[in-house]
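To keep things clear, I will list the structure first and then write my remarks on it.
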Amino acid sequence: MKATTKKVPSLTEDLVITREFNVPRESLWEAWTNPKVFMKWWGPKDFTCPHCEIDLRPGGEYHNAMRSREGMNYWTTGVYKEVVPFEKIVFTDSFADDLGHVVPASYYGMSETFPLALLITVSFEEIDGRTKMTLRHSGLPPGEVQDMSWTGWNESFDKLAEIL
9 MKATTKKVPS
19 LTEDLVITRE
29 FNVPRESLWE
39 AWTNPKVFMK
49 WWGPKDFTCP
59 HCEIDLRPGG
69 EYHNAMRSRE
79 GMNYWTTGVY
89 KEVVPFEKIV
99 FTDSFADDLG
109 HVVPASYYGM
119 SETFPLALLI
129 TVSFEEIDGR
139 TKMTLRHSGL
149 PPGEVQDMSW
159 TGWNESFDKL
169 AEIL
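FYI, the numbering used here numbers position 40 of the sequence shown as 48, with every residue one higher than the one before it.
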């Protein structure tokens, strides 16, 4: 299965990752929308996903955790802003506690200047039985945070490619 990745240099604070998967769009959509499948690939290398809730509808929320090798849980939550089946998902992205309450990044030892909420857009385009997925993570601080996010997303997508 061929998967490609491209980091798009930008003067904005958007991180853009494009990957191609040798599966129909419906399979990739399910990986993002079915909690049981999502839990198999979510999180960078050496992380697991012990909890995932998805209420996939505009105004619906998600709440999930990534667990490090050391056993530390990093919780996130957000609200779905737009859902176009098999084409696009737009949602907010915030750090959270285990109850799903939004918390500042400093809760996890990160900078107090880290934005409280970011925006993620994932689009799916079927091309001859393959699917091109584009992720746009908007509002990330440039530099080290964006570089770490790029690495984390791509390690997650490597796991996604393996389960597909």
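Idealized CB from N, CA, C, for every residue including glycine.
CB-CB length for residue i against residue j, believed under 8 Å
i	j	result
residue 60	residue 43	4 Å
residue 118	residue 132	Not a contact, Cβ separation roughly 30 Å.
residue 129	residue 103	Residue 129 to residue 103, Cβ: 19 Å. No contact.
residue 88	residue 123	Contact doesn't hold; Cβ gap of about 19 Å is too wide.
residue 25	residue 158	7 Å
residue 147	residue 127	6 Å
residue 35	residue 172	6 Å
Boundaries of the beta strand (DSSP E) in which residue i is found, first to last residue
i	result
residue 146	138 to 146
Reduced DSSP category for residue i - H, G, I as helix; E, B as strand; rest coil
i	result
residue 36	helix
residue 43	helix
residue 64	coil
residue 23	strand
residue 29	strand
Outcome for residue i when other beta-carbon atoms lying within 10 angstroms are tallied against a minimum of 16
i	result
residue 156	exposed
residue 86	buried
residue 73	buried
residue 54	exposed
residue 145	buried
residue 139	buried
residue 51	buried
residue 100	buried
residue 71	buried
Heavy atom of the ligand FAD within 8 Å of residue i beta-carbon
i	result
residue 101	The model depicted lacks the ligand FAD and carries no ligand whatsoever.
Could you name each continuous beta strand (DSSP E) segment of 3 residues or more that falls completely within the stretch 73 to 156, going from the start of the chain to the end?
Segments of the beta strand (DSSP E) lying fully in the stretch 73 to 156: 81 to 92, 96 to 104, 126 to 135 and 138 to 146.
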